[in-house]
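Heads up, my numbering is the position in the sequence shown plus 76, with the first residue counted as 1.
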Amino acid sequence: MRLYYYIDTGHRVGLERLRRSSPVIRALQDMDIDVTMLTNDFRAGEYAKEEFGIRRYVSVDVVRNIANIATPSDRLVFDSDDASISLLEDMIGYFGRLVRISDLPEGRELAGELLIASGNSDIVDPKYFEEREHTLGEIFFWGDDDYDRKLLECADAFADLDIALLEGYYFFMQYAQELQGKFSSLFESETYDETLKGANRFVTSSHQSALEALAAGSRPVYVKKESSPSFFAERMRSYGIPVADGFEKEAIKKALAEIPDYRTDRLDLKSASTTAATIADFLNSQ
Numbered sequence: 077m078r079l080y081y082y083i084d085t086g087h088r089v090g091l092e093r094l095r096r097s098s099p100v101i102r103a104l105q106d107m108d109i110d111v112t113m114l115t116n117d118f119r120a121g122e123y124a125k126e127e128f129g130i131r132r133y134v135s136v137d138v139v140r141n142i143a144n145i146a147t148p149s150d151r152l153v154f155d156s157d158d159a160s161i162s163l164l165e166d167m168i169g170y171f172g173r174l175v176r177i178s179d180l181p182e183g184r185e186l187a188g189e190l191l192i193a194s195g196n197s198d199i200v201d202p203k204y205f206e207e208r209e210h211t212l213g214e215i216f217f218w219g220d221d222d223y224d225r226k227l228l229e230c231a232d233a234f235a236d237l238d239i240a241l242l243e244g245y246y247f248f249m250q251y252a253q254e255l256q257g258k259f260s261s262l263f264e265s266e267t268y269d270e271t272l273k274g275a276n277r278f279v280t281s282s283h284q285s286a287l288e289a290l291a292a293g294s295r296p297v298y299v300k301k302e303s304s305p306s307f308f309a310e311r312m313r314s315y316g317i318p319v320a321d322g323f324e325k326e327a328i329k330k331a332l333a334e335i336p337d338y339r340t341d342r343l344d345l346k347s348a349s350t351t352a353a354t355i356a357d358f359l360n361s362q
């Protein structure tokens, strides 16, 4: 079976889905499945190769162009919520069957489709479950994308809180330096894993990064962006992660002061390999 694994990525949407799906692809590779990652952005593929051990990737600017690469005898995993029902039905008609991974808490599974709702089965790379010391203090991570420079508008909320900044992968050149005056220090995006694992508190507006920090024992706090759906905040609360509803200093201070009851037990070390096995079984079934 030749498998294509499409992930909605890029400088406007970030790398959250890539961070979630890369360990699943690696598990599929370990099962000797011929899998190619498809991303919206070449740099995302490079990141996946360097940081997650993804062997092969191709950038696809438009979803319908997948048919220019794949044949009807191939199979497709589609990690995105940016497709109409008619487009999904077209993809099912072309490939015969489809696996779709969705962030939405509820969704309708189509005929010929396996729908995996991430809220019911959150996936975290096993590397974040490794024990290590937490000595880097309190770190804030907005996410990998900030094309509209929204963090610059919100950064005053962190002034005088002694919180360092971990920059995002798609931050504009010199953007982190513009933000630096609002934060105690700066960690470059290349140190993402080391910084997340070593933080005493990992404050973030990325729901995926919050789950990775929870697995790593870095005591996450989630700060909701205005543009983020409310169900992400509710999902964080279900894990016992404190939530600040917006970038008000008092709200962030209150979330930091909480004594959380983290539900780390809800995270599964084998979630990536289990998801990979589910995908393979479905796509191989008749």
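Cβ atoms here follow ideal geometry from the backbone N, Cα and C, with glycine treated the same way.
Taking C-beta separations shorter than 7 Å and ignoring five residues to either side along the sequence, the partners of residue 180 in its chain run 157, 193, following chain order. Straight-line measurement puts the Cα of residue 169 at about 44 Å from the Cα of residue 216. For residue 128, the three-state secondary structure derived from DSSP is helix. Rounded to whole angstroms, residue 213 and residue 275 show a C-alpha spacing of 5 Å. Going by beta carbons, residue 309 and residue 297 fall outside the 8 Å limit.
Within the same chain, 352, 356 come within 7 Å of residue 107 by CB-CB distance, once the 5 residues on both sides are set aside. Secondary structure within the region 262-346: the beta strand (DSSP E) runs of 3 or more consecutive residues, fully enclosed, are 277-280, 296-299 (chain order). Residue 286 is positioned such that its CB atom lies no closer than 8 Å to that of residue 328. In the three-state scheme derived from DSSP, where H, G and I count as helix and E and B as strand, residue 200 is classed as coil. DSSP places residue 80 in the strand class (E or B) of the three-state scheme.
By the 16-neighbour rule on beta-carbons within 10 angstroms, residue 161 is exposed. Positions of the alpha helix (DSSP H) runs, each at least 4 residues long and wholly inside the region 197-265, are given as 226-230, 251-255 in order along the chain.
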